[in-house]
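Trainee: Please see the structure below; I have some questions.
Numbering (full-length UniProt numbering), first residue to last: 1 to 99.
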């Protein structure tokens, strides 16, 4: 892990200093935001519908439904979609489904 100290990058593992920047972070080093919603799901049909609705939205990376907890965890790209938009889609579905 490199840190910037007095204008120089220091590698904490070797205690060496250089003027070169640290290696560029990889895609896996960036954690994508997650949000969890309480949803009135009662069956696999509900979880399938919720998953399909959310995955149609640009920026949704993953949708995990837990029918027992009645929760949906969504992993998304923060600059492409916001939780408010997801919530609106879920509310629309819940109203139509009578949940």
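Positions of the beta carbon are idealized from the N, C-alpha and C atoms, including for glycine.
Would you call the CB atoms of residue 93 and residue 50 closer than 8 Å?
Mentor: Their beta carbons are under 8 Å apart, which means residue 93 touches residue 50 by this criterion.
Trainee: Taking only the alpha-carbon atoms, compute the straight-line gap between residue 64 and residue 85 and give it to the nearest angstrom.
Mentor: Cα-Cα distance, rounded: 17 Å.
Trainee: What is the C-beta distance between residue 70 and residue 40, in whole angstroms, given that I count them as a contact (C-beta under 8 Å)?
Mentor: That pair is a contact at about 6 Å.
Trainee: Please go through the UniProt domain "HMA" (32-98) and give each complete alpha helix (DSSP H) segment of 4 or more residues, from N-terminal end onward.
Mentor: As far as the UniProt domain "HMA" (32-98) is concerned, its whole alpha helix (DSSP H) runs of at least 4 residues are 44-55 and 83-97.
Trainee: With burial defined as no fewer than 16 other Cβ atoms inside 10 Å of the residue's Cβ, what is the status of residue 17: buried or exposed?
Mentor: Residue confidence for residue 17 is low, a pLDDT of 44 falling below 50, so the modelled location carries little weight; the figure read from the coordinates is stated next. With fewer than 16 Cβ atoms within 10 Å of its Cβ, residue 17 is classed as exposed.
Trainee: Give the single residue among 98, 60 and 42 whose Cα lies nearest to the Cα of residue 68.
Mentor: Here the closest residue by C-alpha is 42.
Trainee: Is residue 98 buried or exposed, if buried means 16 or more other CB atoms sit within 10 Å of its CB?
Mentor: Counting Cβ neighbours within 10 Å, residue 98 comes out exposed, since fewer than 16 surround it.
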